[in-house]
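Protein chains: 4
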Amino acid sequence: MGLGQKTSFQSKVAIVGARGYSGIELARLLLDHPHAALTHCFATKNDWKISDFIDHSLADSVAISSMNEIEKIAPTLDTVFLATPAEVSMELAQGFLKMGVNVIDLSGAFRLPLETFEKAYGMKHTATALLSEADFGILPWAGPLRRSKPQLIANPGCYATSVFMALIPLLAKGAIREETLVIDSKSGASGGGKKAAENLLFTEVEGECLPYKVGKHQHLPEIIHHVRALTGTTIDPMFTTHLLPVNRGIISGIYARLAFSFGTGPDAQTKIAALFQEAYSSYPLVTSGPVSPRMMSLKRVVGTARSSISFSVEGDKLYVFSTLDNLMKGAASQAVENFNRLLDLPLASGLISTKGNT
Amino acid sequence: MGLGQKTSFQSKVAIVGARGYSGIELARLLLDHPHAALTHCFATKNDWKISDFIDHSLADSVAISSMNEIEKIAPTLDTVFLATPAEVSMELAQGFLKMGVNVIDLSGAFRLPLETFEKAYGMKHTATALLSEADFGILPWAGPLRRSKPQLIANPGCYATSVFMALIPLLAKGAIREETLVIDSKSGASGGGKKAAENLLFTEVEGECLPYKVGKHQHLPEIIHHVRALTGTTIDPMFTTHLLPVNRGIISGIYARLAFSFGTGPDAQTKIAALFQEAYSSYPLVTSGPVSPRMMSLKRVVGTARSSISFSVEGDKLYVFSTLDNLMKGAASQAVENFNRLLDLPLASGLISTKGNT
Amino acid sequence: MGLGQKTSFQSKVAIVGARGYSGIELARLLLDHPHAALTHCFATKNDWKISDFIDHSLADSVAISSMNEIEKIAPTLDTVFLATPAEVSMELAQGFLKMGVNVIDLSGAFRLPLETFEKAYGMKHTATALLSEADFGILPWAGPLRRSKPQLIANPGCYATSVFMALIPLLAKGAIREETLVIDSKSGASGGGKKAAENLLFTEVEGECLPYKVGKHQHLPEIIHHVRALTGTTIDPMFTTHLLPVNRGIISGIYARLAFSFGTGPDAQTKIAALFQEAYSSYPLVTSGPVSPRMMSLKRVVGTARSSISFSVEGDKLYVFSTLDNLMKGAASQAVENFNRLLDLPLASGLISTKGNT
Amino acid sequence: MGLGQKTSFQSKVAIVGARGYSGIELARLLLDHPHAALTHCFATKNDWKISDFIDHSLADSVAISSMNEIEKIAPTLDTVFLATPAEVSMELAQGFLKMGVNVIDLSGAFRLPLETFEKAYGMKHTATALLSEADFGILPWAGPLRRSKPQLIANPGCYATSVFMALIPLLAKGAIREETLVIDSKSGASGGGKKAAENLLFTEVEGECLPYKVGKHQHLPEIIHHVRALTGTTIDPMFTTHLLPVNRGIISGIYARLAFSFGTGPDAQTKIAALFQEAYSSYPLVTSGPVSPRMMSLKRVVGTARSSISFSVEGDKLYVFSTLDNLMKGAASQAVENFNRLLDLPLASGLISTKGNT
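Residue numbers (the working numbering), protein chains in the order written: chain D, 1 to 358; chain S, 359 to 716; chain L, 717 to 1074; chain H, 1075 to 1432.
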């Protein structure tokens, strides 16, 4: 397939790791996408059907294939989504690219420079040759794709995305004193994946709000690296992640002191409001505004492709909350935004209901 | 140790499978028990300490031992609690008994006749010789122990216990038409154990009240068999089990039409009230009374050794609710009641606070 | 408005009690409905906007009006949805009907004969004249509307709907011995409404599965009355309702012995499967099949207009589980089905995604 | 009563506001306290009994009295606990004190200087004369009580306590650069009290982790004021509070850069460990140590009088987590510590099981 010039065309797509939580959301989005034809779902388990998880008239038309059928089927695809662990993505990406298949990888395999990756993930990188050509698909901030094919797009991490959505506009305008930056993120348990693990059992998660990987989460180097790449600013924030007794949704509390040039109090708050309005004026997937239950609610973004950015200024203190659905903007729907980039479609294609807009 | 004549003595006890949810509750109870000295906890994992789970001044005095040290340590013990799967209990029980150690088994291994067991559990029984000598420890209903040692006591199942507590008094007095009996039980997720399993993940359990093993739960034959043994009545109830998005607690709804001799309406309700009062008049671990939030609340029994039985009569319809903590009366605290039987102590020893009773 | 012959027409609709949980779901559905134009939302509170709860491009076009503006605005409407308590619905319905506005009432005000209502709801009926003309809108079972206008449609209760969906096909075919029928229903907390009440606080609901109105829920006479009206069968089931620590969703366990003519075991199960298949062959909003996690999951129906009916036969015992979203099929989406009846549209219009069906 | 010299004596105590969540926990603790005799519980509602909420052999010996019986009963009391809103505490405290009754107030009424109080609570102070004599009972940090009677003790706020437990030792030793301090606190919903409110409904709290009073919580001035009073350090931290979908428990994330004198990395971590060890060496109600699931778990402190302080150093970044039960150390058990101060008892009297310590 060419890169999307013929939009009536349906691009043939597949998902590897389709039975996981992000994989299922991807399947749901792609089944509904006007320019995608989901033909295959690959998974290590074979005893399942899409309709076990999704009601859709096309659900049973998708083939469930085993991982060792990938090689045979790959040539029939335009784009593949890898909803797999980093070690599997590193193993598979090259093969797809060689067969001319665009790769949108939802793992952390291609988001970081080699050395940073190996330290953050505690593993050897086994596809280093691809690191330089991977595009980091944080949207709407990622630049244009190189006009060559096939493409390798690294879909950003869930926590990192929630931070980027708030931080990139702020840092691009020099709004905060970056040495005062502290980020406290909380995620629903689906962020831990569907693989059985004692610490993700209902009985363990319920009643808790447990911090984990304190100061050491692998999304911290992702944040630092790409904030520098996108805004030229070097940051070194404190960063904590918590596991919420909630199914889906991330809320990141982003705390910093305002830059002196922004002043303080209500005037500064007005400037911050304008800054976010402007940053997202042509991007329909972010809502910004002062803090309010509506703006800080996880349930208002869960199931949607939207992020919400809310803020409050007290003196020189800036409180920002960024919410999103970890399985959507934090994974599957941002992957579909990247798919839309490949096809030169508007980023939000297939992600916003058009009902009622007529 | 003799069978409890010298109550100032501390009986040496150990737990096999101590790191599971029931095992930890057992450890908590035994550390506090005036006549128990918990010396060893056996588990397949070794990288843990009692104090990871329990704050207790004696927690770090308990040895954490691997399963292959059992043989060496067994001779030093008076009683062992098996908080293990049925297959492990079948493997271990004989060895302990031969070394003169009493066994209180929390699994389903010794609760049923051979044929019934093999059908209900879908496995071969590997210690059939022990089936005839196992005592079924449903309390306060179990009879006196044979005065020989060592003893093998089968601790009843959690759902089955919740049903027995309501049903045995009713059937003993012929209060219901048994052919109308329907039981709908709901359990907190800790009933599924601590072993990682996809269906017990927070993200799977949250938001659901999922029936499972519909009409086929292995506690149904346990209920049928021991109801007949204890009351002489043959029943064949409908029985469903559900997984609640709750950590601990079982509530069983027990529905039947009253026997004609009981009449209907308020008069019948008075008779039912009297029946339960009388049944449990000398047993402090059951509270009975008409339905009310207090009487039907899981949180009121969770963390305690108590059961609560509540009832309502509408015409000839009898609604009974039986609540208990699946890890306590449904497992660990009933095991301690059985330990108290071994020592000829009151059943509730070590299970009811004596504070405030002075 | 005529009764829907011109389907390109948009019917002007309003919601009274729009800020409650069912009201908001109704607003969401009506904003998206191709043949509805939602113009007004009436509520006792005025300090809110639709966009506090729903993201929709038309959300801010809907007027939020106070209850005392009803009289002024009613003449501009074709149909009004009353998502109000029974006492308010009784007060308002007559006025709307007199002004020629169709009324779809989501309360219990018009579902029962006078005497039964007053006993079940513990209140005087203040609009008795309307009782005889109210249509009971259980779908797909309700008969054709009388061809006169305006119409008063009583939308069925949430629990009652979950029971009807399973019971009407069974009783229509004489599949069960009705004297053995027991119904155990469990509902998410949104069924209790949005009005602040101590027993619905998070801290009260969490950790519990509390039965309430044991044997006395007002949906029991609704079930008995309309089962008789629709199938000619008189039933007198045991019926319990529980409050789940879950936001949305109802699961009703429906337990009975099979009629002798149905036989037992696998053969009987096949007959039951066929019975449900046939009953719903031309109605896309019910899925039926043998019990499975997929079929009994609340999360699979929450947010949808669908019901799921699953069943298992053991000997002569029939276990049926009926699931639905209490705010959708149990309230708002069934109200939209009734709206579709008014307009002679297919029942599922506006309730099933047509994406992916092309 | 004298101030506790005769410890065999039982001090006569009452609770005002006894039916709320903190009130009930207080009742539970006082019923078990060896030197307390709980004689009366005052509440606005009268249709309840202690045994609705607590199983205790003495539960039904406590009189439930209406608020207008206070004047009559007060003279019989030694100490009263006010588990009431600030406006009620301001109204009642003076009367009790005049009758010679010690007052331990759990509200915010007497924690702050006049001006700070009125700004933080948005209300007039109606008992200003008492402000200068109120003792701020943060333990173990509060100094000796003045040896005069009766005493007015202001029990600290729940969030504030969680912060003090971590911050006082740190600031007392100059461990952090206070200008970098950020505090992100999360609380279970019982912190919102038992009064029905829409935002505390199960359906609203579930699925969320909602920030509230962002930067404006009334515990922030309490923290600032008493940190200065106790350590001489002036701080101006960023502070956020969140509502967790959890019943009980607070976790405060306390983030700051280490003072230069503390160095960085592992050496600094050792110093921080020593600092907390030393601070709490003679106080049994705090456990401190490096971050771990055990140390950061809410469920490990819920139901206990303990706080847990855990920490991690990365470079010059100090992450500290402070957990406690908002109804215990954050309210009722700290109030009992203050009661123990009144009686010259060890602070932990009646708060730590002595079982197993023999």
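Glycine included, C-beta positions come from ideal geometry on N, C-alpha and C.
Let me check understanding here. Comparing Cα to Cα, which of the options lies closest to residue i?
i, options, result
"I382(S)", "P595(S), S655(S), D413(S)", "D413(S)"
"D1418(H)", "G1091(H), V1288(H), H1109(H)", "H1109(H)"
"H1153(L)", "V1052(L), A730(L), P872(L)", "Because residue 1153(L) is not part of the residues shown, which for chain L are 717 to 1074, the question remains open."
"T1254(H)", "A1194(H), K1123(H), M1312(H)", "M1312(H)"
"E564(S)", "Q452(S), N605(S), L435(S), K531(S)", "N605(S)"
"T231(D)", "A18(D), N199(D), G174(D)", "G174(D)"
"P791(L)", "V898(L), N818(L), S767(L), N915(L)", "N818(L)"
"S650(S)", "R863(L), L926(L), S738(L)", "L926(L)"
May I have the straight-line CA-CA distance separating residue i from residue j, to the nearest angstrom?
i, j, result
"G816(L)", "P346(D)", "46 Å"
"C41(D)", "I609(S)", "41 Å"
"L1372(H)", "E208(D)", "5 Å"
"M295(D)", "D542(S)", "41 Å"
"A1228(H)", "P624(S)", "51 Å"
"L1112(H)", "L389(S)", "30 Å"
"F1350(H)", "P1358(H)", "13 Å"
"S727(L)", "H749(L)", "10 Å"
"T949(L)", "I892(L)", "11 Å"
"A617(S)", "T1153(H)", "55 Å"
"S1407(H)", "V1087(H)", "15 Å"
"S823(L)", "F1276(H)", "22 Å"
Could you spell out the range, first to last residue, of the beta strand (DSSP E) harbouring residue i?
i, result
"E562(S)", "First-last for E562(S): 560 to 563, but that is the alpha helix (DSSP H), not the beta strand (DSSP E)."
"H756(L)", "752 to 759"
"I1227(H)", "1226 to 1228"
"G23(D)", "Premise fails: G23(D) lies in the alpha helix (DSSP H), 21 to 32, not in any beta strand (DSSP E)."
"T1315(H)", "1312 to 1317"
"P290(D)", "286 to 290"
"K1260(H)", "1256 to 1261"
Going along chain S, which residues have a C-beta under 7 Å from residue i?
i, result
"I967(L)", "C567"
"D1126(H)", "R652"
"D900(L)", "D542, G611"
From what residue to what residue does the alpha helix (DSSP H) around residue i run?
i, result
"I884(L)", "874 to 888"
"F1083(H)", "Run containing F1083(H): none; DSSP gives neither H nor E here."
"E1145(H)", "1144 to 1147"
"L700(S)", "690 to 700"
Output, in chain order, the set of chain S residues within a Cβ distance shorter than 8 Å of residue i.
i, result
"R1415(H)", "Those do not exist, as R1415(H) stays about 21 Å from chain S at its closest Cβ, beyond 8 Å."
Could you list which residues in chain D have their beta carbon closer than 8 Å to that of residue i, in chain order?
i, result
"S1222(H)", "Going along chain D, no residue has its Cβ under 8 Å from S1222(H), so there is no contact; the nearest lies around 41 Å."
I want to verify the contact list: residues of chain D whose CB lies under 7 Å from the CB of residue i, in sequence order.
i, result
"D1399(H)", "Within 7 Å Cβ-Cβ: nothing; D1399(H) doesn't reach chain D, min ~11 Å."
"A376(S)", "The contacting residues do not exist; A376(S) stays about 15 Å from chain D at best."
Listing by chain order, which chain H residues have their CB less than 8 Å from the CB of residue i?
i, result
"T760(L)", "What T760(L) touches in chain H: nothing, since even the nearest Cβ is about 13 Å away."
What does residue i touch in chain S if you count any residue whose Cβ is under 9 Å from its own?
i, result
"L1014(L)", "G565, E566, C567, L568"
"T240(D)", "Here the premise fails: no neighbours, minimum Cβ distance about 20 Å."
### Query
Hey, is the segment 1282 to 1291 of chain H in contact with the segment 312 to 328 of chain D, meaning 3+ C-beta pairs nearer than 8 Å?
yes
### Meets three-Cβ-pair contact criterion under 8 Å: the segment 495 to 502 of chain S and the segment 538 to 557 of chain S
no
### Task
Count the CB pairs spanning the segment 876 to 888 of chain L and the segment 939 to 955 of chain L that are closer than 8 Å, and state whether there are at least three.
The segment 876 to 888 of chain L is in contact with the segment 939 to 955 of chain L.
### Query
Using 8 Å as the threshold, is the segment 829 to 840 of chain L in touch with the segment 771 to 784 of chain L, meaning 3 or more CB pairs across them?
no
### Query
Any contact of the segment 1380 to 1389 of chain H with the segment 1355 to 1364 of chain H, i.e. 3+ C-beta pairs under 8 Å?
In the pairwise beta carbon analysis, the segment 1380 to 1389 of chain H is classified as touching the segment 1355 to 1364 of chain H: at least three pairs are separated by under 8 Å.
### Message
Using 8 Å as the cut-off, can you tell me whether the segment 82 to 97 of chain D makes contact with the segment 45 to 61 of chain D, which would need three or more C-beta pairs spanning the two stretches below that distance?
### Response
no
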